[in-house]
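S.K.:
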Amino acid sequence: MTLASVSEASPAADAPGGDVWVIGDVQGCAGALRALLAHPELARPDTELWFAGDLVNRGPDSLGALRLIRALGARARPILGNHDLHLLAVVAGVRPPGRSDTIQDVLDAPDAAELIDWLRHLPLLVRDRGHVMVHAGILPAWTLEQAQALAGEIETALRQPDWHPALHDLYGEEPLQWDDALRGPDRMRVIVNALTRMRVCHADGRMDFHHKGEPHATPGMMPWFELPGRRDPAVPVIFGHWSALGLHIRPDAICLDTGCVWGRALTALRLRDHRIIQQDCAACR
1 MTLASVSEAS PAADAPGGDV WVIGDVQGCA GALRALLAHP ELARPDTELW FAGDLVNRGP
61 DSLGALRLIR ALGARARPIL GNHDLHLLAV VAGVRPPGRS DTIQDVLDAP DAAELIDWLR
121 HLPLLVRDRG HVMVHAGILP AWTLEQAQAL AGEIETALRQ PDWHPALHDL YGEEPLQWDD
181 ALRGPDRMRV IVNALTRMRV CHADGRMDFH HKGEPHATPG MMPWFELPGR RDPAVPVIFG
241 HWSALGLHIR PDAICLDTGC VWGRALTALR LRDHRIIQQD CAACR
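Read in order, the letters of the sequence shown are residues 1 to 285 in the UniProt record's numbering.
#1: Please classify residue 121 as buried or exposed, where buried requires at least 16 other C-beta atoms within 10 Å of its C-beta.
#2: What are the residues that DSSP puts in a beta bridge with residue 249?
#3: Check whether the Cβ of residue 233 sits closer than 7 angstroms to any heavy atom of the ligand FAD, and report yes or no.
#4: Give the list of continuous beta strand (DSSP E) stretches no shorter than 3 residues that lie fully inside the segment 24-70.
#5: Just list the beta strand (DSSP E) runs in the segment 117-199, keeping only unbroken ones of 3 residues or longer that don't cross its boundaries, in chain order.
#6: Go ahead and pull the three-state DSSP assignment for residue 239.
#7: Drop a sphere of 10 angstroms on the beta-carbon of residue 31, count the other beta-carbons inside from all chains shown, and report buried for 16 or more, exposed for fewer.
#8: Residue 318: buried (16+ other C-beta within 10 angstroms of its C-beta) or exposed?
#9: So the alpha helix (DSSP H) residue 266 belongs to, where does it begin and stop?
#10: Excluding the 5 residues flanking residue 75 on each side, which residues of the same chain have their C-beta closer than 8 angstroms to its C-beta?
#11: On the premise that residue 88 lies in contact with residue 119, defined as a C-beta separation below 8 angstroms, what is that separation, rounded to the nearest angstrom?
#12: Taking a contact to mean a Cβ-Cβ separation below 8 angstroms, would you say residue 289 touches residue 52 in this structure?
#13: According to the neighbour-count rule (16 or more other Cβ atoms, all chains shown, within 10 Å of its Cβ), is residue 284 buried or exposed?
#14: Based on Cα-Cα distance, which residue from 163, 165, 192, 162 lies nearest to residue 175?
#15: Is it the case that the Cβ atoms of residue 238 and residue 227 are separated by a distance below 8 angstroms?
#16: List the endpoints of the continuous beta strand (DSSP E) containing residue 280.
#17: Can you tell me the Cβ-Cβ gap for residue 196 and residue 85, rounded? I've got them flagged as a contact below 8 angstroms.
#18: Helix, strand or coil for residue 229 per DSSP?
#19: Could you tell me which of 92, 136, 164, 162 sits nearest to residue 151, measuring between CA atoms?
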């Protein structure tokens, strides 16, 4: 195992066991994940492992990544990202596989039904230990209680026995802005787009889904976490989804998408002191 980097921590921060480590976008990089999980601090049986979504797709082994995370059992707390929802949409017949998708191994697997059933029961938001984890972001108009309740609306729809129709309502870019009066498919789209696709917004809070590069590369746009009027900025939000932003730690927002699938690294952050361990992508090849 070749670690890209391990940040230094004080001796007091190295107390044994019981920690939470948050892992950024895996995206089918099962080899890098396996190597990262072999690190002594992450391998402890009492260590809890959070995953910031996008467990599958674009990497070489989506099936291996799902099986590995699922096998962690109660130690793992993964959430859904946009690529995970895309896999569900392909299974539901709502979306065709894309040319750059690497999810066919999941679709063809003998345990595909079990994996898909497990995947669609994952949450879109975790709130615990003084932090919130989502895949992309939280709109500034939402309190954390509201964001959690709205995430629950989507989770409930995906967990129904007849879950396929719900996927029809999740795709599209409109509306671009939240309104408490939204109902039906419009409401579901805004919730899902904010939690799993958002990166930058206009100053008035309208989301933009075309910008994928550096945070301030487009005039008039700003990262969602810099928007004025955020309702609960005192609680740090951990997210992924933005490899161009990369590892980004500030008091109110932490990005852990360090682009393993693009040849960089897979990152784990210890929740209590923000210590970082990174595994380079060489383990995926």
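We treat Cβ as the ideally placed atom computed from N, Cα and C, and that holds for glycine.
M.R.: By the coordinates alone:
#1: The sequence position of residue 121 within the sequence shown is 121, counting from 1. The residue is exposed, with fewer than 16 neighbouring Cβ atoms inside 10 Å.
#2: Here residue 249 is taken as the residue at index 249 of the sequence shown, counted from 1. Partner(s): 254.
#3: In terms of ligand content, the structure shown is empty, and the ligand FAD therefore cannot be addressed.
#4: 48-51
#5: 126-128, 131-133
#6: Taking the first residue of the sequence shown as 1, we reach residue 239 at position 239. It is a strand residue.
#7: Counted from its first residue, the sequence shown places residue 31 at position 31. So residue 31 ends up on the buried side.
#8: No answer is possible for residue 318: it lies beyond the span of the chain, which begins at 1 and ends at 285.
#9: Working through the sequence shown from its first residue, we reach residue 266 at position 266. Element bounds for residue 266: not the alpha helix (DSSP H) but the beta strand (DSSP E), 265-270.
#10: For the purposes of this step, residue 75 is identified with residue 75 of the sequence shown, where counting begins at 1. Once the five neighbours on either side are set aside, the close Cβ partners of residue 75 are 45, 47, 48, 49.
#11: Against the sequence shown, residue 119 aligns to sequence position 119. Against the sequence shown, residue 88 aligns to sequence position 88. Indeed they touch by this definition, with Cβ atoms about 7 angstroms apart.
#12: In the structure as shown, the chain begins at 1 and stops at 285. Residue 289 is therefore absent and cannot be evaluated.
#13: The residue labelled residue 284 in the question sits at position 284 within the sequence shown. That one is buried.
#14: Position 175 of the sequence shown, counting from 1, holds the residue named residue 175. Nearest C-alpha to residue 175: 192.
#15: Here the question's residue 238 lines up with position 238 in the sequence shown. Here the question's residue 227 lines up with position 227 in the sequence shown. Cβ atoms of residue 238 and residue 227: not closer than 8 angstroms.
#16: Within the sequence shown, residue 280 is the residue found at index 280, counting from 1. From DSSP, the beta strand (DSSP E) with residue 280 extends over 276-280.
#17: Residue 196 sits at position 196 when you count from the first residue of the sequence shown. Residue 85 sits at position 85 when you count from the first residue of the sequence shown. Residue 196 to residue 85, Cβ: 6 angstroms. Contact.
#18: The residue labelled residue 229 in the question sits at position 229 within the sequence shown. Reduced to three states, the DSSP call for residue 229 is coil.
#19: Taking the first residue of the sequence shown as 1, we reach residue 151 at position 151. It is 136.
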